[in-house]
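Notes for the one structure printed next.
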Amino acid sequence: MTDYVEDFASGLNVLPPRAWMDDDSGRVPLTGDWSFRLSPSVADAPDDLVDPDTSGWDTIVVPGHWQLSGYGAPAYTNVVYPFPLEPPYVPTDNPTGDYVRTVTVPQDFAGARIVLRFEGVDSRFAVYVNGSEVGWSSGSRLVSEFDVTDLVAPGKEARIAVRVHQWSTGSYVEDQDMWWLSGIFREVNLLALRPDAPTDVFVKAAWDHVDGAGTLLVESDVPGTVSIAELGLELPTGEHTRVEGVQPWSAEVPRLYDAVLRTAGGEVRLRIGFRTVAIVDGIFTVNGNRVLFNGVNRHEFHPDRGRSVTEQDMLDDVLIMKRAGMNAVRTSHYPPHPHFLSLCDEYGLYVIDECDLESHGFGYEPQPPKLPNPVMDERFRDDLVDRMRRTVHRDKNHPSIVIWSLGNECGMGDNLKAMYDLVKELDPSRPVHYERDTEAEFVDIYSRMYTSPEGCAEIGADSSLYRNLPFILCEYGHAMGNGPGGLLDYREVFEKYPRCQGGFIWEFIDHGLRTTIDGKEVYAYGGDFGESIHDGNFVCDGLLFPDRTPSPGMHEYVKVIEPLRIVADGNGGVTVTNRYEVLDTSHLTFTARVEAEGEVIGSGTLPALVLAPGETGSLELPPSIEKLRADGRAETWLTITAELTEATPWAEAGHRIAWGQIRLDEPVEAAPAVSGSPAEGAAGVAGINVAGLRNARLDVWRAPIDNDAIPGVAAAWREEGLHRVQHRIVSQGEKDGAWEVVTRTAPPQLQWGLRSTWRWTAVDNAVVLELSVVPEGLFPEVLPRLGITFELPKVQHVEWFGTGPNEAYVDTREAAAVGKYSGTVAELQTPYVRPQENGQRIDTRWATLDGLRIEAVDQLFGFTVRDWTTHDLETAKHTADLVAGDTTYVTLDLGQTGVGTAACGPALPDRDKLKTRPTTLTLRFTPA
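Below, the structure written as structure tokens:
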């Protein structure tokens, strides 16, 4: 039985798909140790699974991937397939893993239909039980069940053997921008399905937002009675029933009713959410309310276990999403473990449930010589339709699922229309999504990826486009490395145009696999395992680092999507807008904190403010705050925070939901620099030494972030010579009461430069720098950064007054709050999986580095402090390559180009580019 590896079919002797159910069927979990043998190819795998001798085999844990258990190696590609495109054929080099496990079939399984259930096996597998061939299946992230009743005997042992192939014809439709990982990676169970017990149930629960009543229909393949004790309700299956007084389910209020379906043969426990999904006048609604998706794309991932995630991993993900204010998740690009969907039901997340399908590497049009994408190839049709059927049937009872998705990045073809038609036949209650239906030929939701905010606005403003369907961005805000920037621009479009209903950040978590390279623990990405074909660190593009700690991009997204908008009203007061879909603000407590130059001078709880969804109101500020405003203190900020009054299932009381800052004092113009005497210093080959600074010089380069490197921006900067500028001292000496150094910073060969005049004046115990920079010649239009860099003896402690606590750039500053912060140099670094520019604190007023104090005299500055050079940062492959020495390197920026999302998204807008122009900066340095 080997021909199946290159068969277009989806399986043989696989039972029809059915709903995932919480029932009282007998169950024997087959997780744990299995005997395991890996062969290099199908041909090399011994034909012995009828009666295998496993005495010399290894042991492997199920669920898991064999590449993460010491067999073979992971490989990462985004688009390209790591094998030739010639379906149905796959490489002869096709690692094949054999799993064997012996289990005692419980005596009480007698009289039941005994089913062997696999939740997920990558990529194709065949099953043998007690020496007999049972069948085979494909669809790695889909359930496969086999009837083994006639092959086992209750009370006796059964030997189960599974042969798994890394590559199969199914691999052509599983090109999902992730690690290629093989094996039995989800649970295996032996089930006993009792006679007259339900095996498939379809719960159809709706809610009418006009009259407030629910309707319920429970369909079962075995008739029975449904009881909902909380409602005092008992009804037969197959009967539509109107249910008065029920509360609807939504992501904000995920109200579930526990029910039991009882039949003569058994019980099924149900969790019912009454909710109605509808598209009304081009608007996607749940229970009559417009939904704005504050969503994220989620692959299943753990840095040690790959896609074999635990229930705790799933709960961690849901809690992180809820605490962040996310309300939706797209299951990119396959159905997740069913437990994850149950958690979405329970905690409240809208779900786009996506079929196990992507064929991006074929391109969106037939490739020469007319090789069609599988969605255009009728040979794949039955398998693709079956994949969709299995998705819908398994997951149909989850109220959290509000949209079905046909798959991802496959172009267009008749097979997709067949999948769509099947969904509409099985479940017409939910709309269907597919992004590559670029002209909205048949989908119910119009979708794009990485469209610019301007492009989104064009769609939102013109109802004649794309059948006036609701519009979402199924992927945007590509969170690769330092970024995403510009998220607020999208939010403003989503709020302005009702048809533009939000989107899903790409993506939730970096897929860095924890491993050891050269004796150092790192998070690996493409190429780290010796792959000849790979897509580098494109697999690390999440809001979370691999260990599930939040990146600065996560903090930014949390701020942009927060459900309240708290701003100054322009008249000295505070305005709050409730952006919830369902909730009012009665569950929140508002607090105030007043800080003068970073020191807390007042705080307290504010009067309650109850706003209905969509309502705007004013917060009443107590007289004590007005008094602090009138005291005339220097820079004074009021921070308003909305936090949970009571604990919820997903967060403790006091969890911050939203915040805003309002400046209370009136900014005053900076006083001119006080005259003094020329500072003492020296200028040489390495730079300027003065006031404790070593080798100060102009800085125009940053270690390219992914959004610089991938779209070619960094390459263009290199053509301008920005990465290798040289520094020439034009003149130095006393002039007009200051020590004046004139330098020219310019690249080899090219005819441009930056002429800088550095005027150093000793004033009291400080040294004031007045810096002016003038571009000359054919200078580049845009600079990565413009600032001064210098060295200090190793710095132990940093404190600053400015924005924080995390890094911020010109287009990622929404989450940056003005305050006083402190930390070690190590704590100021952001550990992007591939090292790159990071750690800038924008809009700094002053900073102290051990004993050295740096103050802005006129305009504010950005600062970065590191224990390694920019060159070290640029050339490192992993964070573990960066080793601190005895020197700390400081950069004080006049400005820096924004970060954007151009690694996979629109180009950085001009607004966020640092244009080359004459610039000045005045700073005061006070040495210890």
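In terms of our numbering, the sequence shown opens at residue 856 and continues consecutively. The beta carbon of each residue, even a glycine, is placed where N, CA and C say it ideally should be.
DSSP places W1572 in the helix class (H, G or I) of the three-state scheme.
Counting along the chain, the unbroken beta strand (DSSP E) around L1647 starts and ends at R1640 to P1648. When the five nearest sequence neighbours on each side are left out, no beta carbon in the same chain lies closer than 7 angstroms to the beta carbon of T1503. DSSP, reduced to helix, strand and coil, places A1601 within a strand of the structure shown. With a minimum length of 4 residues, the unbroken runs of alpha helix (DSSP H) contained wholly in the region 1236-1309 fall at 1236-1250 and 1269-1281.
Contact between the region 942-953 and the region 1389-1409 is not established, with fewer than three Cβ pairs separated by less than 8 angstroms.
Shown here for T1774: same chain residues with a beta carbon closer than 6 angstroms to its own, the five before and five after excluded, namely V1628 and L1749 in chain order. Here L1641 is near L1609, since their CB atoms are less than 9 angstroms apart. Counting only runs of at least 4 residues, the region 1721-1783 fully encloses the following alpha helix (DSSP H) elements, listed from N- to C-terminal order: 1725-1730. A contact is defined here as three or more CB-CB pairs under 8 angstroms, and the region 1166-1183 fails this definition with respect to the region 1238-1252. With respect to the C-alpha of N1252, the residue from P950, D1200, C1210 and E1309 having the closest C-alpha is D1200.
In the three-state DSSP reduction, A1179 falls in the helix class (H, G or I). Shortest Cα-Cα distance from D913 to any of Y926, H1582 and L904 involves Y926. Unbroken beta strand (DSSP E) runs of no fewer than 3 residues, entirely contained in the region 1068-1092, are found at 1069-1075, 1080-1083 and 1088-1091, following chain order. By the Cβ neighbour-count rule, K1482 is exposed, with fewer than 16 other Cβ atoms within 10 Å of its own. Cβ-Cβ distances below 8 angstroms link D903 to nothing in the same chain once the five nearest sequence neighbours on each side are left out. The beta carbon of T1743 sits closer than 8 angstroms to those of E1646, L1647, P1648, K1649, V1650, V1680, L1704, V1720, R1721 and D1722, all from its chain and outside the five residues before and after it, given in chain order.
Of Y1219, D1666, R1124 and F1040, the smallest CA-CA separation from D1767 is found for D1666. A distance of 9 angstroms or more separates the beta carbons of Q1031 and H1288. Apart from sequence neighbours up to five positions away, the residues of its chain that approach E1411 with a beta-carbon distance below 7 angstroms are L1342, T1667, E1669 and A1670, ordered along the chain. If the five residues before and after F1148 are omitted, its C-beta is found closer than 8 angstroms to the C-beta atoms of N1182, A1183, Y1205, I1327, Q1356, G1357, G1358 and F1359, all from its own chain and listed in chain order. For T1781, the closest C-alpha among the options R1614, D1619, S894 and S1319 is that of D1619. Under the 10 Å beta carbon count, L1324 is surrounded by 16 or more other beta carbons and is classified as buried. Residue range G881 to P884 is occupied by the beta strand (DSSP E) that includes P884.
Within its own chain, the residues whose Cβ lies closer than 7 angstroms to the Cβ of A1114, once the five positions on either side in sequence are excluded, are V1081, S1082, I1083, L1125 and I1127, listed in chain order. The region 1411-1422 makes contact with the region 1504-1518, as at least three CB pairs between them are under 8 angstroms.
The beta-carbon separation of D879 and E1122, rounded to 5 angstroms, stays under the 8 angstroms limit for a contact. The region 1489-1498 and the region 1443-1452 touch, with three or more beta-carbon pairs separated by less than 8 angstroms. A direct Cα-to-Cα measurement between W1022 and G952 gives close to 11 angstroms. Between L1776 and Q1714, the gap from beta carbon to beta carbon is short of 9 angstroms. In this model, T1756 and A1571 are separated by some 17 angstroms (Cα to Cα).
In this structure, the straight-line span from the alpha carbon of P1254 to that of F1129 is close to 8 angstroms.
For the pair R1162 and Y859, the Cα-to-Cα distance works out to about 25 angstroms. Look at the beta carbons and you see the region 933-942 not touching the region 1062-1077: under three pairs across the two are nearer than 8 angstroms. In this structure, H1733 is the residue among W991, F1349, A1052 and H1733 with its C-alpha nearest to the C-alpha of T1370. Counting C-beta pairs closer than 8 angstroms gives fewer than three between the region 926-935 and the region 983-1002, which falls short of the contact rule.
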